[in-house]
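To start, the structure under review is shown below, and the notes come after it.
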Amino acid sequence: MSSAGNNPAVFERQLKKIYDCLNIGSNKKAVQEVDRLPNNVRDSTVFKALKALALIRMGKRSQAFDILGDIDPKKDLDEVTLQTMTSCYKESVDIGKIVDLYEAAAARKPNDPEIMSHLFMAHVRVFNFKRQKEIALQMYKTFAKKKRLYSFWAIMSLVMQSQQFQPDNQDHLSPDKKICLSLAEKMCEKMIDDERSHEEIELYLMILRMQHKHEEEYRFLTGQYCLRITDHLSWYNRRRAYLCLDLKMYSRAFKHYFPTLIQEYPDQIEYYQGLFKSAFLLDTEAPSQQQPVAINDQQSIGANQPASTPVKSSSALAECFDIVEKQCQLAIDTTDSIKQEQSKNKNQNPTKSLSRTSSLHPNRRRLLRGPFIARIELYNTVLSNESNLPKNIYSQCMNQFSSKYPTLASILLDFFQSFSKKIICYYDLDYMINRYKLPSVETARLLGFIDSWISKDLCEKQSTIDINPYDMFHIFLNYHMLEHSLTAYKISDSRENRLKLAKKYIDLYNENRDLGKPSKTEFLPVDHYCLLAINSVMTNAIDSNLSTTPQSILNDRTLISLIVMAENAAINSHSNHQIKLLLLKLYSFIGASKQSSNVLLALDIKHFQIDTLGHLLNPALYSTGNYTLAKESLETCLEFYAHGVRECCEGLTTSYRDGKYSKIKEISGVLKRLSDSLNAAQCVLLKGIVSNLNAATITDLIGASQSFDPFKGLYRLFRCPSQMDTIKDSRDFKVLKSIHFEVNELVQNRRHRTLEDENLWLRLRYFLLRCVYLQVEVSVVKKSQTEKDTEEFEYSLSEIDSLVPKIRDRLNENTDDTNYSYLEPEASPFRWQNIKFEPLVSMVRLLIACTSTKSSLAQEIYDKYFGYLDEIAGDIESQLSSINSLVAMRKTLMLLTISSEFISLCVTSLVCIIHESGGSGIGSQATSPAYASVKSQSNQQAPQQSTSSKSKSLVHQMASKTGDKLGKISNMIKGVDLKSMVADKIVQVDETLLCDAKHCTGSESEKSPPIPLMSPNYSEILVSKVKEKIFDSYNDSLREIEAALQRKAKLLAKA
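Going by UniProt numbering, the sequence shown opens with residue 1, and the numbers climb by one from there.
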């Protein structure tokens, strides 16, 4: 600091000014403050680092790294300079340089604990676990203070290092992993003493668990150290229970651990399932196969813990029946007693007695569902294991149930009667019916029982039963949803039957809409009827070719009707994400991406929802040509991923400093999920494609090439085909419920298929874009081509050649199902029948690998190139002239977008070829674009000189003719008249879906209840508003595609 000035007070004031500017975001002013300083102060390392930090935050990375390059890390840098340079590298996501910085600092000051600690954290950020361990052990031996902390740093580093080694199988560890974990276990055993913390115990248990040492883990959990620590939420007790199952100590788990957990947490179905499993194993396995209870195991039973549950009969499963029935009765008695107490207080509303909030206190105010679900689980366990249980035990268990519940349908009916006043009842029943795979006979019997109970016990005796309309509504709603899930959706695929069913749900919505008032925070009770109505029409109604006719299920009038319905429901229920997601899917289905974006903004997705729900918007925005909104959305997503990676790295270092070892593995998993996310890879690719489409000048192309995958993260991933399996498919398809469990299974099956498709399509487009941008770097930026560049070109082109037949084979695969659910993931563009991907890929491939050194080869490429281009232009013209519906418009937009993407790549490649053939600064030592065959440059230079003039003329002809083609396509797009082709044909909604007039009275009044879904009074007004939104989105997309093609034509003209 002395070099900054002789007066420390002046130096501090100068620093404070710059820090204040950086803290409030005035980065430009911070740079100005540094420039105002005297030369001897301005040239000090600390002010150089601060200026570099401000420049990075202004987006001027190259200038910032020039300044940082002037700072020699081997010199004696002060702490402020080191921290500022660290911040620079963090914010520029170049954390590898932090390691070099502190390695140099540690070499100068090996006995400084702060420097060594920072060096350790630098290696934490780059996951160099071996070096972490070495530094931690060095600090443990060198520094007397915090020796315990440094020792556990080394232990945790060994644990993380072991994660790099893949196990041979689930039961056996690889030798390297076994060595690391064994060493970590021994080091941990030496440090576990009376000063141990909860986190240190957690780490030791984690090490034992990773080695599958269940016996040692159980012995430690029942030992003196764990018994002295507070068992928060019975975590240790829960772990002991499941270890008993692994160690075949079934009697201990059944008699003590699971009953204790159930008594503490009677609503946790997981503990009932563990109890049933231990009971089943006790009844089926021979005593010789079961492990006896350890001698010192009784020490784990505290004086205040309840005594073991005695087995009153010869069957453990029969005893489970008594335990479950006792918990069910206790739940009912507790709720009844609270109701009676509340009824005494007249000022208190008795309807609030059933609170929606849960509590761990035994005197809870809502009826617990856990014991009742456990009863059904037990019945199914016995029923499904008839062949595995001894006959006497099976008969004993079934006799217990037969007195009250002769069939599984009767026990499900009891559950429905107890919980049908809450909407969660349907989701519980749907889960259980799906899990237990009930046959159609049982489901029909269940629906008959429920229908009989509602019609006889409720409707006929409604006057004598104290039940409010809100509860009665939920009973009917649960029944209708269950009926729809089990039988109603299996109706004929005819348009009339579907619309008739949807009309039924629309009428039910309108009849009961006065039960709730529109709110910004609460759902309306009738929202589910809107979901049922839309599901009735949309499920399995979409043809794989998206063919729509006036007679098809999803014609324009029906689609507009569904959108009007969803819009009205969204107005009534502002906070219902299900309706908004349905609306988003409907707009995306017809290609109105601008409205999809508006709906997603209304959802206000944040944080990890960007990763799980990003697939709903980003592909839709890009594939329909809305490049402006796509760029904004992609930048938001990439900013989230960059911020998430930075925060995870900081979380790792904080966890090490604070000794929170259990969080390190968790944070590492989150970091890997963000780094390997499929959505993140797609965002990187689409951002590079959009930048290429928006590039209007050579400077823009250079900027786009330099900003695309700057650290080559995707390139390294794609270089190793075995690592393709590491891509995390974080797409969430369960957030939008289908109300049919069979459709949910279909969605999950097709999720794997689309993941494979997306990987192939992603890799193909990535390598094409990578080659084109490498062309820009080599030809336009005028840097000589290195062997590394040549190898990258050769590998990329070989990958392109291998991916094309793989995609062709995927297309030729036969699929049994021709219709699909609108809830399913979008199919990759190469599966759309109106998009021919091979001519598009071949056209770009020719230009990337073309050589302007041989006239015959160049002429052949010229002819093939324009053959492909003419075919693509013909397809576009044919598609534009055949627009006759909303879905056809979406198909047209996708064809235009994909074609524009590949044509843009061709334009960029042509610009590079023009620059090189024109000799603008590229001498004989410069490389040609014959990247696939650049193995001997000396053999290429002679023919290049002899044919350069002819090749140059041919290249300029290609550019000129391509520009003319782009102009013709732009004129074709400009001539599309959507009003006469589509808009004028849609006049009103489908009359079948219009609600009855008696349900629409007073809907126009401001003080009325929620508006009806499909009112005949103002349906034409709603249709006109929806049409205006849709066609406004279409026009924006067409204008942006047209503008992108015009930019490419102008770029060719300038070149």
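The C-beta atom is built at its ideal place from N, Cα and C for all residues, glycine as well.
Task: Exposure label - Gly370; buried when at least 16 CB within 10 Å - done: buried
Task: Cβ shell of Leu755 (< 6 Å), same chain only, five flanking positions each side left out - done: Asp729
Open item on the list: Given a cut-off of 8 Å on the beta-carbon distance, is the pair Leu282 and Phe254 in contact?
Closed with: The answer is yes: Cβ separation under 8 Å.
Open item on the list: Between which two residues does the alpha helix (DSSP H) holding Thr790 run?
Closed with: Glu787 to Asn812
TODO: Determine the direct distance from the alpha carbon of Glu319 to that of Lys456, and round the result to whole angstroms.
DONE: 35 Å
Task: Coarse secondary structure for Met894, derived from DSSP in three states - done: helix
Open item on the list: Given this structure, state the Cα-to-Cα distance separating Phe220 from Cys226, to the nearest angstrom.
Closed with: 7 Å
Open item on the list: Suppose contacts are defined by Cβ-Cβ distances below 8 Å. Is Val670 in contact with Cys648 by that definition?
Closed with: yes
Open item on the list: Helix, strand or coil, according to DSSP, for Ser410 in the structure here?
Closed with: helix
Open item on the list: Taking DSSP's pairing of strands, which residues face Lys728 in a bridge?
Closed with: Bridge partners of Lys728: Ser677.
Task: Contained alpha helix (DSSP H) runs [length at least 4] in the region 538-626, N- to C-terminal order - done: 556-572, 577-589, 593-603, 609-613 and 618-623
Open item on the list: I need the DSSP call for Ser519, collapsed to helix, strand or coil.
Closed with: Ser519: strand per DSSP, three-state reduction.
- [ ] For Ser308, name the three-state secondary structure that DSSP assigns.
- [x] Confidence at Ser308 is low in this model, with a pLDDT of 42, below 50, so the placement of that residue should be treated as unreliable; the coordinate-derived value is given next. Three-state result, Ser308: coil.
Open item on the list: Does the region 831-846 come into contact with the region 887-902, if we say contact requires no fewer than three beta-carbon pairs (one atom in each stretch) closer than 8 Å?
Closed with: A contact exists between the region 831-846 and the region 887-902.
Open item on the list: Between the region 791-810 and the region 577-597, can you find at least three pairs of beta-carbon atoms closer than 8 Å?
Closed with: no
- [ ] Have a look at Val887, Ser44, Ile56 and Arg61 and flag the residue whose alpha-carbon is nearest the alpha-carbon of Thr81.
- [x] Cα-wise, what sits closest to Thr81 is Ser44.
TODO: May I have the straight-line CA-CA distance separating Ser623 from Glu639, to the nearest angstrom?
DONE: 21 Å
Task: Cβ pair count under 8 Å reaching 3, the region 705-713 against the region 495-505 - done: no
TODO: Report yes if the C-beta distance between Ile861 and Leu797 is below 8 Å; otherwise report no.
DONE: no
Open item on the list: Within a Cβ cutoff of 6 Å, which residues of the same chain sit near Ala592, ignoring the five residues on either side of it in sequence?
Closed with: So the qualifying residues of the chain are Ile1030 and Ser1033.
Task: Where Phe127 falls: helix, strand or coil (DSSP) - done: coil
Task: Ala136 to Ile155 span [Cα, whole Å] - done: 9 Å
Open item on the list: If I follow the unbroken alpha helix (DSSP H) through Lys29, where does it start and stop?
Closed with: Boundaries of the alpha helix (DSSP H) harbouring Lys29: Asn27 to Arg36, taken from the DSSP string.
Task: Inter-residue Cα distance where the pair is Glu1020 and Gly975 - done: 28 Å
Task: Leu77 (DSSP reduced to helix, strand or coil) - done: coil
Open item on the list: Do Tyr436 and Tyr405 have their beta-carbon atoms positioned less than 8 Å apart in this structure?
Closed with: no
Task: For Asp20, three-class secondary structure by DSSP - done: Correct three-state label for Asp20: helix.
TODO: Assign His607 to buried or exposed, taking buried as 16 or more other Cβ atoms, counted over all protein chains shown, within 10 Å of its Cβ.
DONE: exposed
Open item on the list: With a threshold of 8 Å, are at least 3 pairs of Cβ atoms found where one atom belongs to the region 315-329 and the other to the region 392-405?
Closed with: Contact holds between the region 315-329 and the region 392-405, because three or more Cβ pairs, one in each stretch, are under 8 Å apart.
Task: Reference Leu261, options Asp231, Thr284, Lys248 and Asp246, closest by Cα - done: Asp231
- [ ] Report yes if the CB atom of Leu823 is closer than 8 Å to the CB atom of Lys965, and no otherwise.
- [x] no
TODO: Using a threshold of 8 Å, state whether the C-beta atoms of Arg716 and Asp990 are closer than that.
DONE: no
Task: Rounded separation between Asn971 and Glu877 - CA only - done: If I take the Cα positions, the gap works out to 10 Å.
- [ ] Could you tell me the distance, in whole angstroms, from the CA atom of Ala827 to the CA atom of Phe733?
- [x] 14 Å
Task: Short Cβ contact (8 Å threshold) for Ala1055 with Ser900 - done: no
Task: Simplified DSSP assignment, three categories, for His172 - done: coil
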